[in-house]
Amino acid sequence: MGPALPKRRLRAAIAAAAVAVVGAGATAFTVVTAEAATTGCEVDYQVTAEWPGGFNANVEITNLGDTAVDPWKLEWDFPGTQQVSNAWNTTATQSGRHVTAAGVAHNKRLGAAATASFGFTGTFTGANAVPATFKLNGIACTGDTGPSPTNPPTNVTASPTEVPTGGPGQDEWNPPANLVQPLNEVWAHVEDTYNLNFRNFGWDQVMATGGTINYCVRWDSQNPVSVQTRDAIEAKLQQQYDLWFAPMKGWSEWPFERIEVDVVGWAAYDRADLQWNDSSVDVYIGDIREDAPQCSEDCGRFFHQDGNYSRCPGGAAHHYDQSLWLTQGMGGGAGGDWGQRMGQEYFVNSLNSSQITIYLHELGHTFGLDDFYDWSPTGQCCFIMKAGSSATITTFDQWMLRDWWRHLKSRYGY
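Sequential numbering from 469 applies to the sequence shown in my numbering.
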């Protein structure tokens, strides 16, 4: 592990849910003229992580009607023993199986065609089935629209929507107007906090390899791992990298179509814990550092930042740039130039989730993105790098990543 970026911290669990994410670009307004307003809503309820007796869920509400809902209130009944224990981006109450979640100050107005999200941690026994029906302000959310039960206005002005202006080929720095000030505040904080002459950011690693990242998994656990789980972990790492870097494709001389992620090695306490016999990955047994299995230091980028892997078994092709350190029973996470660390059970139990929140947050640190424990950039309440406020990468997170590339790319000749 060793020292990480110039700043590294260990956090409490940050499993959280997203707020509504708006696209980048100029604001457009639409005027709708109708003889009768319509109502309707759609709810996407996702269990984002699950462990024995507990789970995290993300709930996304879309207003399909042509009038705003202000304030909104969503209600549902759990089919089992689920109990909400903690919620964010909403005020949630529960009576028996019945749950009521209401909007809070920053998201209580749900405009026409707009989306709001919130999340919660819950407990359960037995099955953790998804609720069957939801109601938004008394209207069943079926995914369809119908006539409003109230007297509708004849002219309805929809809430602002964002028109994307980014995309492949974009070279200029033109974030959405509402993000200019907070992005400037973040970069000023970076310059006050980081040593930008540091040469082992994730950016340096990717540029040194020509667009690949090799991982070694530190299996800091007594639980066995099957070949199916091994392969699923590699696939999930690729998917999570894609979530961060797909918006970089074609932007401001970013040279890669995709960062290719490969797991080249595993380290464990006991060879019997790794339930495969093939030679597709290097295996390291019994090298204990920091009370955890360690992959060969002769193969690690953290230990050989000059790129000299001459003592690595198999040579440079078998080197690893980052470690995925999965520790049994750990809550929260840590991240830096060396890689990312979090709970083994949390990561494995999240393999069926589209986004692994703690990993995505820690991967942001690998590429220099900071924490926001004691401050928030102007106008930004909820984004993945502000631990506990979003389960997903937001537009603001993406522009912070782009800002790092904007400031560092000259060191690579771009």
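Note that beta-carbon positions come from the ideal geometry of N, C-alpha and C, so glycine has one too.
Q.
Using only the alpha-carbon positions, how far apart do Ile824 and Leu705 sit?
A. 9 Å
Q) Expressed to the nearest angstrom, what Euclidean distance is found between the alpha-carbon atoms of Thr846 and Asn652? A) 10 Å
Q. In its own chain, which residues sit with a C-beta less than 6 Å from the C-beta of Ala488, not counting the 5 before and 5 after it?
A. Only weak support exists for where Ala488 lies, its pLDDT of 26 falling under 50; the coordinates are left without a value.
**Q.** Contact belief for Cys767 with Ser791 at Cβ below 8 Å, rounded distance in angstroms
**A.** Actually they do not touch by this definition, with Cβ atoms about 11 Å apart.
Q. Taking the alpha-carbon positions, what's the Asp842 to Leu542 distance?
A. Cα-Cα distance, rounded: 31 Å.
Q) Under a Cβ-count criterion, where at least 16 other Cβ atoms within 10 Å of its own Cβ denotes burial, should Val598 be classed as buried or exposed? A) Exposure of Val598 is indicated by the presence of fewer than 16 other C-beta atoms within 10 angstroms of its C-beta.
Q: Write down the C-beta distance between Gly803 and Leu831 rounded to the nearest angstrom, noting that I regard them as a contact closer than 8 Å.
A: 7 Å
Q | For Ile756 and Arg739, the rounded distance between their alpha carbons | A | 14 Å
Q) Cα separation between Asn820 and Gln649? A) 37 Å
Q. Helix, strand or coil: how does DSSP classify Gly807 here?
A. Gly807 falls in the strand class under three-state DSSP.
Q. Just how far apart, CA to CA, sit Tyr880 and Tyr662?
A. 19 Å
Q) Can you tell me where the alpha helix (DSSP H) with Arg698 in it begins and where it stops? A) Counting along the chain, the alpha helix (DSSP H) containing Arg698 begins and ends at 695–713.
Q: Kindly list the residues whose CB is nearer than 7 Å to the CB of Asn557, restricted to its own chain and excluding five residues on each side of it in sequence; keep chain order.
A: Excluding sequence neighbours, Asn557 sits near Ala485, Val487, Val572, Asn575, Ser585, Phe586, Gly587, Cys850.
**Q.** C-alpha distance - Tyr683 paired with His787, whole-angstrom precision
**A.** 8 Å
Q: Verify whether the separation of the beta carbon atoms of Gln690 and Tyr752 is less than 9 Å.
A: no
(Q) I'd like to know whether the C-beta atoms of Val749 and Ile681 end up nearer to each other than 9 Å. (A) No, the Cβ-Cβ distance between Val749 and Ile681 is not below 9 Å.
Q. Just checking, does the region 769–789 make contact with the region 657–673 on the three C-beta pairs under 8 Å criterion?
A. Touching, yes, given that three or more Cβ pairs across the two stretches are closer than 8 Å.
**Q.** Residue of Ala569, Leu647, Thr549, Gly508 minimising C-alpha distance to Asp865
**A.** Leu647
Q. Hey, His566 and Asp538: beta-carbon distance below 9 Å or not?
A. No, the pair does not count as a contact, with Cβ atoms beyond the cut-off.
Q. Comparing alpha-carbon positions, which option in Asn745, Ser747, Gln743, Ala735 lies nearest Glu765?
A. Cα-wise, what sits closest to Glu765 is Ala735.
Q: Indicate whether Arg698 and Trp744 have their beta-carbon atoms separated by less than 9 Å.
A: yes
Q | Exposure of Glu528, with buried meaning 16 or more beta-carbon neighbours within 10 Å | A | buried
Q | Span separating the alpha-carbon of Ala525 from that of Asp512 | A | Here the C-alpha atom of Ala525 lies approximately 10 Å from the C-alpha atom of Asp512.
Q.
Which complete beta strand (DSSP E) runs does the region 734–759 hold, if anything under 3 residues is left out?
A. Runs found: 750–753.
Q. Using 9 Å as the limit for Cβ to Cβ distance, is Asp789 near chain D?
A. Looking for chain D here will not work: only one protein chain is present.
Q. From this set, Ala656, Ser694, Thr601, Ala536, which residue's C-alpha is nearest Thr568's C-alpha?
A. Thr601
Q) If you count every other CB in all the chains shown that lies within 10 Å of the CB of Glu659, and 16 or more means buried, which is it? A) Exposed: under 16 other Cβ atoms inside 10 Å.
Q: Report all residues from its chain with a CB closer than 7 Å to the CB of Ile861; omit the five preceding and five following residues, and keep chain order.
A: Leu711, Trp712, Leu828, Ile852
Q: Taking all protein chains shown into account, decide if Asp746 is buried (16 or more other Cβ within 10 angstroms of its Cβ) or exposed.
A: exposed
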